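**Student:** Per the numbering used here, residue 3 is the first one in the sequence shown, and the count goes up by one each step.
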Amino acid sequence: MANRLARSQLRQLALFQHLAPQHIDLISDIVQTKQIEPGEVIFGQGQPTQGLYLFVAGRAILIRTDPSGAEMALGEVGRGEYINERALYETGIETASLRAAEPTMLLLLTRAALLTLLAEHPDVRAALGERFAAPAPQPEEKPRLFRGQRPEEIILHIFRRHWWAIVRNTWIVGVVGIVGLLLAHWVSGTSGLIGLIVGIITLALMGGLLYYLYYEWQDDGIIITDQRVIRVWNTLLTFQNNVSEIPLNRVLEVNAEIPPGNPFAQIFRFGSIHIRTAGQAGTVSLNIIPTPERVQAAIFAERDRFRSQVEKRAQDVLQAEVGRAIGIDTAEIPAVGPEPTAAPPQLSPVGPRFARTRFINADGDLVYRKHLRVWASHIMLPALVILGGLIALVAALSSNVLTLVTVPLAFVILLGGIGWFYISDWDWRNDTYVLGSNTITLTRMRPLWLQNQVDQISLSQIDNVVSEVNGLINTLFNWGRVEIYLIGANPDEGKVIDMIYDPPTLREQISTRQEAIKAQQQAEEQQEQRASMQAVLAAYHKLTTDEVPGSPPPGAPNPGSANAPPPRPDGIRPPTVPRIRPD
């Protein structure tokens with residue numbers, strides 16, 4: 003049976019006013035009625051959206067919490083009002099919290115329940131209109147072969163190091179095996195069981211070493227996609243991860259080298275690859291690559307293919323514009339333009355609410371602070387001083403000896419610790435790295451010395467980005483650095499973002515935004531070309547259609563020559579005057 007309260011309330015919404023009564027009844031059956039107590043949170047900031055909330059009675063306040071934990075009231079929702087209609091059409095994240103200010107009764111229509119209803123009743127879907135039309139079948143998502151692979155990015159080549167990179171270190175496995183088996187044989191003379199255990203341990207160590215060598219070999223290499231060249235270098239023993247990338251259009255030089263002094267390199271044909279860009283620091287290298295000439299040729303071929311595709315895309319755009327301007331049917335000419343780029347993925351905040359190390363600011367920019375370990379190391383000594391001041395103050399107040407001296411001294415220690423804590427915390431909070439859509443801003447503040455250093459880097463001027471995570475502790479805490487090298491800059495002029503959380507994600511965010519900027523620049527260039535072409539065609543059209551001064555209108559007979567003498571009244575034609583035939 004239909005929910006009468008829900009039915010009467012839903013009829014008041016513009017979204018459902020045009021529906022038939024039977025459709026309203028079906029929707030009202032899936033509506034939930036909720037009673038909310040004052041102070042209870044209806045939905046929280048950062049949670050996935052659920053659906054539409056329709057207030058029957060009561061009042062709630064919409065509150066947004068900033069990264070520092072401060073709350074700001076955005077507005078109120080009261081009786082007869084509703085919120086989150088968009089959640090019925092698409093999924094999203096709540097950008098604010100809704101908290102009841104008084105006893106409240108509301109109706110909740112969830113997106114999941116509505117979609118289930120629409121799947122069972124296509125007539126309701128059709129009545130609701132295009133917003134709820136059946137979604138087109140989505141193509142099956144392709145598996146990603148490496149971290150940071152973009153949704154539409156196609157992997158063209160993967161070049162791993164030569165098998166010699168594994169074989170050259172197998173002597174370690176042999177030494178371990180020989181020593182272990184000799185030890186097992188020697189121990190077996192005393193106890194066969196112990197000798198067997200030593201032998202099993204030796205074989206396990208040999209297998210583990212072989213697996214380590216293989217896994218490290220498999221994890222290194224050069225990846226060529228249809229957009230960029232990526233070098234991955236991992237050292238498992240030292241927990242080192244180094245990833246760098248270069249856009250294909252910026253590859254200027256690729257050098258293949260086989261070391262002349264290495265006989266194994268000459269025999270097995272492996273060597274080094276060095277990829278250079280316009281910047282002196284933008285060099286990516288990898289050693290022990292099989293047939294480096296083949297890798298060199300592949301990189302050049304993909305770079306040239308990428309550039310030719312960009313040129314062809316621009317030519318197709320101009321061809322389409324010219325065809326439309328001169329009236330040629332361009333229905334068969336595809337609508338071309340810059341290839342769409344995926345928007346940077348939305349990242350969730352990292353760290354406790356009072357000490358965020360990654361968050362989105364009010365302008366929608368991605369903000370990084372130094373790792374939480376840095377904050378803890380900054381405030382540890384001030385916190386100990388505050389604790390010591392509190393202990394000294396309690397001890398002084400509980401003692402009658404030298405109270406006039408110890409109490410002020412304890413207060414001084416306590417206040418000094420609080421001031422030190424505030425400065426240390428302020429210093430950490432204001433050292434930020436803000437990644438916007440076009441720039442990245444590195445801010446370094448020193449409150450005691452009144453020194454502020456702000457570097458703003460245009461993303462379009464970044465030549466190469468490298469992320470590094472080194473060491474076991476840094477790997478466990480996901481702590482590392484990102485190095486940014488600019489076009490035309492020296493290697494020692496690179497910008498370093500150090501001691502941050504999850505460096506590979508920041509590198510991926512920079513790379514994605516660079517692709518978006520490149521697509522925008524291509525769109526602007528094509529727009530300028532369109533405008534220039536339209537101006538040329540307009541001038542040509544004007545020259546070919548405007549009347550020349552003094553010329554007769556189209557279809558009018560040519561007048562007689564101005565130099566011809568008038569006819570004689572006696573009707574005798576002069577010899578030089580042409581005969582006029584009467585028609």
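We put the beta carbon where it would ideally sit given N, CA and C, even for glycine. None of these values were measured; they are calculated from a predicted model.
(1) Report the three-state DSSP secondary structure of Tyr-214 (helix, strand or coil).
(2) Is DSSP giving Leu-21 helix, strand or coil here?
(3) Mark Val-177 as exposed unless 16 or more other C-beta atoms lie within 10 angstroms of its C-beta, in which case mark it buried.
(4) What whole-angstrom Cβ distance do Val-286 and Arg-355 have, given they're in contact under 8 Å?
(5) Report yes if the C-beta distance between Asn-304 and Leu-158 is below 7 Å; otherwise report no.
(6) Rounded to whole angstroms, what is the Cα-Cα separation between Arg-149 and Phe-308?
(7) Cα separation between Ala-8 and Gln-34?
(8) What's the call for Phe-57, buried or exposed, on a 16-neighbour Cβ count within 10 Å?
(9) Assign Arg-13 to one of three DSSP states: helix, strand, or coil.
(10) Name the DSSP bridge partner or partners of Glu-83?
(11) From what residue to what residue does the beta strand (DSSP E) around Phe-62 run?
(12) What does a CB cutoff of less than 6 Å around Arg-66 pick up in its chain, not counting 5 residues either side in sequence?
(13) Please report the distance separating the alpha-carbon of Asn-257 from that of Trp-481.
(14) On the three-state DSSP scale, how would you describe Trp-481?
(15) Between which two residues does the alpha helix (DSSP H) holding Thr-270 run?
(16) Quick one: grab the DSSP three-state call for Gly-53.
(17) Please name the residue, chosen from Ile-275, Gly-210, Ser-460, that lies closest to Ile-224 on a Cα-to-Cα basis.
(18) Can Glu-78 and Arg-101 be called in contact, C-beta distance under 7 Å?
(19) Applying the 10 Å Cβ sphere with the 16-neighbour rule, what's the burial state of Gln-220?
(20) Give a yes or no on contact between the region 505 to 515 and the region 527 to 538, applying the rule of three or more CB pairs nearer than 8 Å.
(21) Determine the extent of the alpha helix (DSSP H) in which Val-126 is found, giving its start and end residues.
(22) Who pairs with Trp-422 in a beta bridge, going by DSSP?
(23) Please confirm whether Arg-483 and Asp-494 have their CB atoms less than 7 Å apart.
(24) Helix, strand or coil for Asp-367? Go by DSSP, reduced to three states.
(25) Can you give me the C-alpha to C-alpha distance between Thr-112 and Pro-124, rounded to a whole angstrom?
(26) Just how far apart, CA to CA, sit Met-447 and Gly-80?
(27) Please classify Lys-372 as buried or exposed, where buried requires at least 16 other C-beta atoms within 10 Å of its C-beta.
(28) Kindly provide the ranges of any alpha helix (DSSP H) runs that are 4 or more residues long and lie completely inside the region 181 to 250, ordered along the chain.
(29) Starting from Arg-360, trace the beta strand (DSSP E) both ways and give me its first and last residue.
(30) Can you list, in chain order, the residues of its chain whose CB lies under 7 Å from that of Arg-170, leaving out five sequence neighbours each side?
(31) Would Ser-563 be called buried (16 or more neighbouring beta carbons within 10 Å of its own) or exposed?
(32) Check whether the Cβ atoms of Phe-423 and Ile-381 lie closer than 7 Å to each other.
(33) Please report the distance separating the alpha-carbon of Glu-510 from that of Gln-151.
(34) Decide if Ile-291 is buried, meaning its Cβ has at least 16 other Cβ atoms within 10 Å, or exposed.
(35) Helix or strand or just coil, what does DSSP make of Tyr-542?
(36) For Gly-46, which of Ala-59, Ile-63, Ile-32 has the nearest alpha-carbon?
**Tutor:** In short:
(1) Looking up residue 214 in the sequence shown gives position 212. In the structure shown, Tyr-214 sits in a helix (DSSP, three-state: H, G or I).
(2) What you label residue 21 is simply residue 19 of the sequence shown in a count that begins at 1. Of the three classes helix, strand and coil, the one that applies to Leu-21 here is coil, per DSSP.
(3) Looking up residue 177 in the sequence shown gives position 175. When all chains shown are included, Val-177 counts as exposed.
(4) In the sequence shown, the residue the question calls residue 286 occupies position 284. In the sequence shown, the residue the question calls residue 355 occupies position 353. 40 Å between Cβ atoms; not a contact.
(5) The count along the sequence shown starts at 1 and reaches residue 304 at position 302. The count along the sequence shown starts at 1 and reaches residue 158 at position 156. Residue identity check: residue 304 is Glu in the sequence provided, not Asn. In contact: Glu-304 and Leu-158 (Cβ atoms closer than 7 Å).
(6) One-based indexing of the sequence shown puts residue 149 at position 147. One-based indexing of the sequence shown puts residue 308 at position 306. In a straight line, the C-alpha of Arg-149 is about 23 Å away from that of Phe-308.
(7) Residue mapping note: residue 8 aligns to position 6 of the sequence shown, counting from 1. Residue mapping note: residue 34 aligns to position 32 of the sequence shown, counting from 1. Cα to Cα, Ala-8 sits roughly 9 Å from Gln-34.
(8) Stepping through the sequence shown from its first residue, residue 57 is reached at position 55. When all chains shown are included, Phe-57 counts as buried.
(9) By 1-based counting over the sequence shown, the position of residue 13 is 11. In the structure shown, Arg-13 falls within a coil segment according to DSSP collapsed to helix, strand and coil.
(10) Here residue 83 refers to the residue found at position 81 when the sequence shown is read from its first residue. DSSP lists no partner for Glu-83.
(11) Sequence index remark: in the sequence shown, residue 62 carries index 60 (1-based). This sequence places Ala at residue 62; Phe is not what is there. It spans 61 to 67 - the beta strand (DSSP E) in which Ala-62 sits, taken as one unbroken run.
(12) Here the question's residue 66 lines up with position 64 in the sequence shown. For Arg-66, where only same-chain residues beyond five positions count, the Cβ hits under 6 Å are Met-74, Leu-76, Ala-98.
(13) Translated into positions along the sequence shown, residue 257 becomes position 255. Translated into positions along the sequence shown, residue 481 becomes position 479. Roughly 33 Å between the two C-alpha positions.
(14) Position 479 of the sequence shown holds residue 481. Note: Trp-481 maps to strand in three-state DSSP.
(15) As a working note, residue 270 is residue 268 in the sequence shown. The sequence as given places Phe at residue 270; Thr does not occur at that position. Here the alpha helix (DSSP H) through Phe-270 covers 265 to 270.
(16) Here residue 53 refers to the residue found at position 51 of the sequence shown. It is a strand residue.
(17) Mapped onto the sequence shown, residue 224 falls at position 222. Relative to Ile-224, the option among Ile-275, Gly-210, Ser-460 whose CA is nearest is Ile-275.
(18) Position 76 of the sequence shown holds residue 78. Position 99 of the sequence shown holds residue 101. In this structure, Arg-101 does not lie closer than 7 Å to Glu-78 by Cβ.
(19) As a position in the sequence shown, residue 220 is number 218, starting the count at 1. Classification for Gln-220: exposed.
(20) No, the region 505 to 515 does not touch the region 527 to 538.
(21) By 1-based counting over the sequence shown, the position of residue 126 is 124. Unbroken alpha helix (DSSP H) run through Val-126: 124 to 130.
(22) Counting from 1 along the sequence shown, the entry for residue 422 is found at position 420. Paired residues: none, contrary to the question.
(23) Stepping through the sequence shown from its first residue, residue 483 is reached at position 481. Stepping through the sequence shown from its first residue, residue 494 is reached at position 492. It is not a contact, given that the beta carbons lie outside the stated cut-off.
(24) Numbered from its first residue, the sequence shown carries residue 367 at position 365. Correct three-state label for Asp-367: coil.
(25) Taking the sequence shown and counting its residues from 1, one reaches residue 112 at position 110. Taking the sequence shown and counting its residues from 1, one reaches residue 124 at position 122. Taking the straight line from one Cα to the other gives about 18 Å.
(26) Locating residue 447 in the sequence shown gives position 445, where the first residue counts as 1. Locating residue 80 in the sequence shown gives position 78, where the first residue counts as 1. One C-alpha to the other measures close to 45 Å.
(27) What you label residue 372 is simply residue 370 of the sequence shown in a count that begins at 1. Buried.
(28) As far as the region 181 to 250 is concerned, its whole alpha helix (DSSP H) runs of at least 4 residues are 194 to 220.
(29) Locating residue 360 in the sequence shown gives position 358, counting from the first residue. That run of the beta strand (DSSP E) goes 360 to 362.
(30) Locating residue 170 in the sequence shown gives position 168, counting from the first residue. The answer is none, since no qualifying residue turns up.
(31) To locate residue 563, count along the sequence shown from 1; it is residue 561. Any answer about Ser-563 is weak, because its pLDDT of 46 lies below 50 and its placement is not dependable; what the coordinates show is given next. With fewer than 16 other Cβ atoms within 10 Å, it is exposed.
(32) For the purposes of this step, residue 423 is taken as residue 421 along the sequence shown, with counting starting at 1. For the purposes of this step, residue 381 is taken as residue 379 along the sequence shown, with counting starting at 1. It is a contact, given that the beta carbons lie within the stated cut-off.
(33) Residue 510 sits at position 508 when you count from the first residue of the sequence shown. Residue 151 sits at position 149 when you count from the first residue of the sequence shown. Computed Cα separation, rounded: 9 Å.
(34) As a position in the sequence shown, residue 291 is number 289, starting the count at 1. In summary, Ile-291 is buried, with 16 or more beta-carbon neighbours lying within 10 Å of its beta-carbon over all protein chains present.
(35) As a position in the sequence shown, residue 542 is number 540, starting the count at 1. In this structure, Tyr-542 counts as helix in the three-state DSSP scheme.
(36) Numbered from 1 along the sequence shown, position 44 holds the residue referred to as residue 46. Closest option to Gly-46, Cα to Cα, is Ile-63.
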